Structure formats: C-alpha cells, structure tokens
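Visitor: Okay, here's the structure, questions in a sec.
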C-alpha cells in the first residue's frame with residue numbers, strides 16, 4: 001500500500017498576476033482510513049479559471065482558499081480503498097479531490113461514473129462542471145430561439161465549445177471569440193460554429209460586426225473587459241447576457257464597462273451565475289451532455305499536462321489562454 | 001371656437017447639455033376636425049427624462065424626435081370637440097398630446113379617466129406612466145421579499161417615490177437616494193422611507209453603507225454613474241437591479257461601470273426596461289395605484305410650471321434635479 005501522497009499547496013497569495021511561487025509541492029504521509037472514508041487515486045485533475053479567484057483574499061462568491069492547504073480542484077479517478085459502504089475499490093469516481101495524487105474523503109463529494117462510453121477525463125469537461133455551466137447559461141439564461149445569434153467568448157475552451165455546439169443544435173447562428181487563428185479555425189471547422197472572431201487580430205469590434213450581421217441576441221461571457229465592451233455594442237433589443245466569467249480581471253486590472261447605457265437602451269438582461277448553485281439542473285444537463293458525447297455528437301478537445309508537478313505551470317498558461325480546449329493534468 | 005394653437009417644437013438637437021435654444025414656441029391655426037378626430041384642450045403636460053433621449057439623433061429604444069415637430073409628451077385634459085363616437089365633449093382624457101395647448105387625435109392614444117377621486121394631474125404621475133414604471137420594475141424585476149432592502153435613486157421623483165412606498169408595503173426596508181437635505185427629509189418624513197442618502201452631501205458610499213446595514217437586495221436605478229457604482233458595491237448575492245433610467249449620461253458624459261465583476265461575483269440580475277413595452281401590466285398596475293391614491297395611501301408631490309412657454313425651462317431644470325416630485329406644466 002502506498003504510504004506517501006504528493007500535494008500542491010497554496011503557498012502565498014498573488015500580488016497582481018499569479019506565479020509558480022504561489023504554489024508549493026509537498027510530500028505527506030497517508031494516514032490509515034477512518035470508518036466511512038474513501039481513498040481515491042486521482043487520475044485527472046481539472047484546471048479552471050475560478051481557481052484564480054480563490055487564490056485572492058477578497059470578497060467573492062466563495063471563501064478564499066486558506067494558505068498552506070491543498071489547492072481546490074475537480075478530479076476523476078479510481079477508488080483504491082473504502083471503509084464507506086457506498087463505494088468499493090475499482091469504482092470510477094468524480095469528486096473534488098484537489099491538486100494531489102490521493103484524496104481521502106467521506107464520500108459526500110464523490111459520484112460513481114460509467115466509463116463504458118464516456119472517457120473518465122470527459123467527466124471533468126463536457127460531461128462535468130464546464131459542460132453543465134454551458135448548458136445552464138445557454139438554456140436557462142440566454143434561452144435562445146431558432147434563428148437568433150449567440151456569441152460566446154473563450155469559444156475553444158471547455159465551456160465555450162459546448163455553448164456554441166448547443167446553440168447550433170438549437171437552430172441559432174453560433175459565433176465564437178477566441179485568441180489566434182488556430183483556435184478560430186478549430187472553432188469553425190471542428191466545432192461547427194458559423195464564425196469565429198480572433199480577438200488578437202485586426203479590429204475586434206469591426207470583425208465581430210462582420211460576423212454578426214443581424215446583431216447579437218444572446219451572449220455567453222467568459223472573459224470581460226474589451227471583449228464585453230465590443231459585444232455589448234452589438235446586442236439587439238431584448239438580448240440576454242449570461243455572465244459566467246471575467247478572466248480579464250482576475251489579476252486585478254480594471255475592466256470597466258464603458259457604456260452601461262446600452263443595458264437600458266437595448267433593454268438587456270444580464271445574469272451572473274455560478275453553476276454549483278444550480279444543482280437542480282445537473283442531472284438533466286449531465287444526462288443530455290453524456291448522451292451527446294457517447295454518440296460523438298459533441299466535440300471537445302483537451303490540453304493535457306503530465307504529472308502533478310506541472311499543474312502550476314499549466315494553470316498559469318491557461319489563465320493566459322495558452323491551453324487549447326479543456327486544461328487537464330494527468331496524474332501519472 | 002378657438003382658432004389658434006400654441007406649440008413648442010424641437011428646433012435643434014443639443015450638443016452636450018440641452019438648452020432653451022433647442023426649442024421654439026409657435027402659434028398655428030387649428031384646422032377643422034376630420035371625421036373620426038377628437039380635439040383635446042390639454043390642461044397638464046408631463047415632463048419626463050426620456051424626452052431628453054428623444055432629442056438626440058442617436059440609436060436608442062425610440063426613434064429620435066424629428067426636428068420642427070411638436071415635442072412629444074404625455075398630457076391630460078378635456079375633450080372640446082369630437083367627431084369620434086368613442087369620445088364626447090367634456091370627457092376627461094389622458095393621452096400623448098405633446099407640448100401644445102390643443103391636441104388633435106384619431107383617439108387611439110386617448111383614455112377617458114374618472115376624476116371623482118383621482119385628480120386629473122395624477123394620471124400623469126402616480127396613476128400614469130411614472131407609477132406604472134415603478135410598479136413594473138419593483139414587482140416584475142426586483143420582486144422583493146419581506147425583510148429585504150430596496151434602494152431607489154431619484155427617490156423624491158415621480159417614479160422613485162412610488163417605488164419606495166410600494167417596497168414598504170411589501171415589507172421591505174426602503175432606502176432612497178436624493179439630492180439635498182430637503183428632498184431627503186421629504187422622502188423619509190412624508191413618503192415613509194426608512195432612510196434617504198443625500199448624494200450631494202458627505203461620502204455617498206459610506207452614507208449608503210450606513211443606511212443599508214444588511215446590504216441591498218433590490219435596486220431601482222434612475223440615475224446611473226457614480227450612484228450606480230456606489231450601490232453596486234452594496235449589492236447582496238442574488239440581488240436584482242431594475243434599470244429604468246440613466247439620467248447622469250443623457251448629455252453624453254461617460255458613465256462607466258467601474259466594477260462589472262460584481263455582477264458576476266454577487267450573481268446579480270440586471271434588467272433594462274421601458275414600461276411602454278409591457279402594456280399587459282398596465283390595467284392591473286393602474287387599478288392598484290389608482291386605488292391607493294384615491295384612499296390617500298400613496299403620497300406624491302408635484303412641481304408645477306405655469307404656462308406652455310415655461311415648459312423648456314422647467315424641463316431643463318428637471319434634468320438637473322431642480323424639480324421636487326413630478327414635474328408638470330399647467331397649460332393655462
């Protein structure tokens with residue numbers, strides 16, 4: 001039986017941009033399980049933008065992560081030992097195991113999953129939190145009608161890629177915003193969006209205008225800042241904005257909304273949301289998303305870093321958009 | 001029979017702030033009525049912030065008012081001549097008669113009203129468009145629960161005064177924002193709000209914080225700019241913002257939203273709206289508001305300018321907050 005765990009702790013809080021110095025890799029002994037506990041060997045660690053918010057010591061929707069504790073994070077893996085009657089060794093599970101190779105849990109965060117048709121890693125992507133995030137924002141906030149135009153930022157990412165594909169299924173024109181020609185090509189050619197605007201090239205507003213000749217009815221926002229300002233100026237009357245993330249401001253840069261008057265003159269709806277607060281929709285959303293992935297009707301892409309020790313670098317790269325699709329760490 | 005009408009036309013579009021030079025008073029002959037037409041002697045003209053938006057030649061929710069036409073505006077008055085079977089001389093009516101002493105209409109904008117218990121002028125205030133605006137934003141967007149805190153800006157005005165009184169009736173803590181000690185005293189002592197913050201005195205954010213010890217659950221916005229920025233920073237999780245007006249930006253000044261991240265971190269709902277697009281609620285709202293006014297359970301105040309020729313000055317004063325309560329012009 002393995003006696004040692006490897007973990008990454010939050011060592012310090014970022015001042016401005018996060019850096020590798022904010023993290024610390026430690027080795028810790030594994031204590032014997034207590035009654036009711038489950039031990040999971042994490043195979044996959046999910047890296048997500050929300051983690052950046054937790055690193056700050058500021059008021060947000062979640063308490064800051066305490067210093068010197070294991071970084072929070074979604075994981076999927078296999079039960080290796082269980083003193084909990086709901087789980088047995090060999091079960092494939094998803095949970096909130098954190099940035100570590102072994103997680104010890106009372107089972108309350110764990111769900112057994114079926115990997116017959118859906119890969120274990122996909123439960124951290126299109127059939128996990130990112131997928132449900134896309135599903136909720138699109139179906140419950142934007143609520144698109146066939147023929148409308150839906151725009152999503154970070155379109156090649158874990159959430160954005162699902163938003164656009166679901167919007168296409170709903171009969172909408174799906175337009176992505178992404179950084180770089182490669183990502184934009186992927187968004188159009190492999191994900192099937194109608195168009196994709198490269199925010200790093202040319203004039204964002206003019207390019208978005210060309211890609212949305214009938215204006216924008218629904219906007220799924222992951223980025224904020226200049227991208228939000230440009231898209232807001234394209235919104236049609238009675239448009240809906242699902243506010244899911246504002247990664248542009250995570251390091252503390254000001255990202256003012258330049259023309260809030262547009263919210264009034266176009267009678268827009270804006271709704272900020274956190275998918276973990278809408279657990280009522282998860283069963284339906286996961287069932288639909290799992291079915292689409294199993295039938296290969298929902299495309300997705302993963303960026304995989306190998307080894308726990310590479311998680312900080314992969315995380316920092318993701319915050320800069322260096323990943324391509326869902327950022328995962330394979331815990332070897 | 002009177003043969004001459006007096007009218008105020010939009011003479012030119014403002015560059016920056018509006019001025020009296022943008023208006024022109026003219027005398028015009030009254031043509032004989034055609035079949036189906038109604039002639040109304042306007043007794044009261046309503047002056048409202050939305051009119052400022054119509055003076056610009058820019059994209060908004062309504063087409064710009066054409067130059068050299070009678071300024072748009074709500075009116076109440078009395079039918080003096082009718083070739084329309086739905087109206088007879090002596091009927092008291094509300095309509096969109098515009099800035100003129102006599103309005104000639106096909107009757108489609110006119111509604112006969114009962115002045116037994118509700119004064120004719122009140123149909124332009126608490127029992128008219130401003131009242132329904134308050135009713136809609138509070139009940140259909142903010143949807144307050146007893147015990148919550150509701151804040152409204154321009155609290156002593158035609159809309160804000162109704163918002164706060166309805167919020168009190170719903171069991172909420174009602175907090176106003178208004179300009180000057182007199183208005184704040186009126187808001188608390190005569191309208192019955194729990195508190196009122198004078199945005200012209202002291203530190204707006206600190207004063208608002210003191211007045212909203214449990215944060216803000218619902219915000220009814222008439223002003224925008226600094227006031228919106230301060231209130232946004234007090235919003236509780238799952239707060240709702242009814243966006244009704246942004247008078248701070250009507251002359252074209254930038255009024256950026258400084259921290260749009262709060263919309264996400266507090267999971268806020270923002271909904272811009274125009275009450276004329278929600279005609280389905282008008283009968284219910286007017287019935288409730290009329291009942292409250294008739295029973296003297298809804299207080300309101302009017303600023304009355306005398307004579308059509310004084311409408312431009314009164315209008316410009318209202319845009320600067322120099323009115324106190326609903327701004328009307330009595331057409332002598």
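Chains as they are written, first to last, in UniProt numbering: chain A, 1 to 332; chain B, 1 to 332.
For glycine and all other residues, C-beta sits at the position ideal for the given N, C-alpha and C.
These numbers come from a predicted model, not from an experiment.
(1) Hey, does residue 235 (chain A) have any beta-carbon neighbour from chain B nearer than 8 Å?
(2) Using a Cβ-Cβ distance under 8 Å, would residue 319 (chain A) count as near chain B?
(3) Give a yes or no on whether the minimum CB-CB distance between residue 255 (chain B) and chain A is below 8 Å.
(4) Taking 8 Å as the CB-CB limit, is residue 260 (chain B) close to chain A?
(5) Looking at the unbroken alpha helix (DSSP H) that takes in residue 141 (chain B), where does it start and where does it end?
(6) Tell me which residue opens and which closes the alpha helix (DSSP H) that residue 238 (chain B) is part of.
(7) Please name the residue in B:37, B:298, B:78 whose C-alpha comes closest to that of residue 134 (chain B).
(8) How would you list, in chain order, the residues of chain A whose beta-carbon sits under 8 Å from the beta-carbon of residue 3 (chain B)?
(9) Considering just the uninterrupted stretch of the beta strand (DSSP E) at residue 44 (chain B), what are its terminal residues?
(10) Name the residues in the region 270-301 of chain A whose C-beta lies less than 9 Å from a C-beta of chain B; which are they?
(11) For residue 139 (chain B), which of B:273, B:182, B:197 has the nearest alpha-carbon?
(12) Between residue 156 (chain B) and residue 213 (chain A), what straight-line distance do the alpha-carbon atoms span, to the nearest angstrom?
(13) Tell me which same chain residues have a C-beta within less than 7 Å of the C-beta of residue 409 (chain B), skipping the five on either side of it?
(14) Cβ closer than 8 Å: which chain A residues qualify as neighbours of residue 246 (chain B)?
(15) Strictly under 8 Å for the Cβ-Cβ distance: is residue 218 (chain B) near chain A by that measure?
(16) Along the alpha helix (DSSP H) that carries residue 185 (chain B), what are the first and last residues, could you check?
(17) What separation, rounded to the nearest whole angstrom, lies between the Cα atoms of residue 67 (chain B) and residue 312 (chain B)?
(18) Is residue 203 (chain B) helix, strand or coil by DSSP?
(19) Would you say residue 162 (chain B) and residue 192 (chain B) are within 8 Å of each other, going by their C-beta atoms?
(20) Kindly identify the DSSP beta-bridge partner or partners of residue 265 (chain B).
(21) Helix or strand or just coil, what does DSSP make of residue 93 (chain A)?
(22) Could you give the DSSP three-state label for residue 18 (chain B): helix, strand or coil?
(23) Measure from the alpha carbon of residue 73 (chain B) to the alpha carbon of each residue in B:323, B:332, B:308, B:320, then state which is nearest.
(24) Quick one: what's got a C-beta closer than 7 Å to residue 323 (chain A)'s C-beta in the same chain, skipping five residues either side?
(25) Any chance the region 44-61 of chain B sits against the region 72-86 of chain B, with 3 or more Cβ pairs inside 8 Å?
(26) Just how far apart, CA to CA, sit residue 111 (chain A) and residue 252 (chain A)?
(27) Would you kindly report the start and end of the unbroken beta strand (DSSP E) that includes residue 220 (chain B)?
(28) Going by Cα to Cα distance, which pick from A:179, A:137, A:235 is closest to residue 209 (chain A)?
(29) Using three-state DSSP, classify residue 252 (chain B) as helix, strand or coil.
(30) Hey, how far is the Cα of residue 121 (chain A) from the Cα of residue 228 (chain A)?
(31) Would you say residue 261 (chain A) and residue 96 (chain B) are within 8 Å of each other, going by their C-beta atoms?
(32) Does chain A have any CB closer than 8 Å to the CB of residue 249 (chain B)?
(33) Less than 8 Å between CB atoms is the rule here; does residue 208 (chain B) satisfy it with respect to chain A?
(34) Counting C-beta neighbours from all protein chains within 10 Å, is the total for residue 320 (chain A) 16 or more, i.e. buried, or is it exposed?
(35) Answer yes or no: do residue 197 (chain A) and residue 182 (chain A) have a C-beta to C-beta separation smaller than 8 Å?
(36) Mind checking residue 265 (chain B): buried by the 16 CB within 10 Å criterion, or exposed?
Guide: So, to answer that:
(1) No, its Cβ sits nowhere closer than 8 Å to a Cβ of chain B.
(2) Output row for residue 319 (chain A): interface = no.
(3) Using a CB distance cut-off of 8 Å, residue 255 (chain B) counts as an interface residue toward chain A.
(4) Interface residue, yes.
(5) Segment: none, residue 141 (chain B) is in no alpha helix (DSSP H) and carries neither H nor E.
(6) Residue 238 (chain B) -> not in any alpha helix (DSSP H); beta strand (DSSP E) instead, spanning 235-243.
(7) For residue 134 (chain B), the closest of B:37, B:298, B:78 by C-alpha to C-alpha distance is B:298.
(8) Against chain A, the beta carbon of residue 3 (chain B) has no neighbour under 8 Å; the closest one sits roughly 41 Å away.
(9) For residue 44 (chain B), the enclosing beta strand (DSSP E) begins and ends at 38-46.
(10) Those residues of the region 270-301 of chain A that come within reach of chain B (Cβ to Cβ, closer than 9 Å) are 270, 271, 272, 273, 274, 277.
(11) It is B:273.
(12) Roughly 43 Å between the two C-alpha positions.
(13) Here chain B covers residues 1 to 332 and nothing more, so residue 409 (chain B) does not appear.
(14) Listed along chain A are 260, 261, 264, each with a C-beta nearer than 8 Å to that of residue 246 (chain B).
(15) Taking Cβ atoms only, chain A never reaches closer than 8 Å to residue 218 (chain B), which makes this a no.
(16) Counting along the chain, the alpha helix (DSSP H) containing residue 185 (chain B) begins and ends at 181-189.
(17) Their backbone Cα atoms lie some 15 Å apart in a straight line.
(18) Looking at residue 203 (chain B) - three-state DSSP - the assignment turns out to be coil, as it is neither helix nor strand.
(19) The Cβ atoms of residue 162 (chain B) and residue 192 (chain B) lie no closer than 8 Å to each other.
(20) DSSP output for residue 265 (chain B) lists no bridge partner at all.
(21) In the structure shown, residue 93 (chain A) sits in a strand (DSSP, three-state: E or B).
(22) Residue 18 (chain B) carries a coil assignment under DSSP once its states are collapsed to helix, strand and coil.
(23) Comparing Cα positions, the closest option is B:308.
(24) 303, 317, listed in sequence order.
(25) Contact between the region 44-61 of chain B and the region 72-86 of chain B is present, because at least three Cβ pairs lie under 8 Å.
(26) Distance between the alpha carbons of residue 111 (chain A) and residue 252 (chain A): 35 Å.
(27) It spans 216-221 - the beta strand (DSSP E) in which residue 220 (chain B) sits, taken as one unbroken run.
(28) By alpha-carbon distance to residue 209 (chain A), the top candidate from A:179, A:137, A:235 is A:235.
(29) Shown here, residue 252 (chain B) sits in coil according to DSSP, grouped into three states, outside any helix or strand.
(30) Whole-angstrom Cα-Cα distance: 31 Å.
(31) No, the pair does not count as a contact, with Cβ atoms beyond the cut-off.
(32) Cβ-Cβ to chain A under 8 Å: yes for residue 249 (chain B).
(33) Closer than 8 Å: no.
(34) The residue in question, residue 320 (chain A), is exposed, as its Cβ has fewer than 16 Cβ neighbours within 10 Å.
(35) Their beta carbons are not under 8 Å apart, which means residue 197 (chain A) does not touch residue 182 (chain A) by this criterion.
(36) Residue 265 (chain B) is buried by the Cβ-count criterion.
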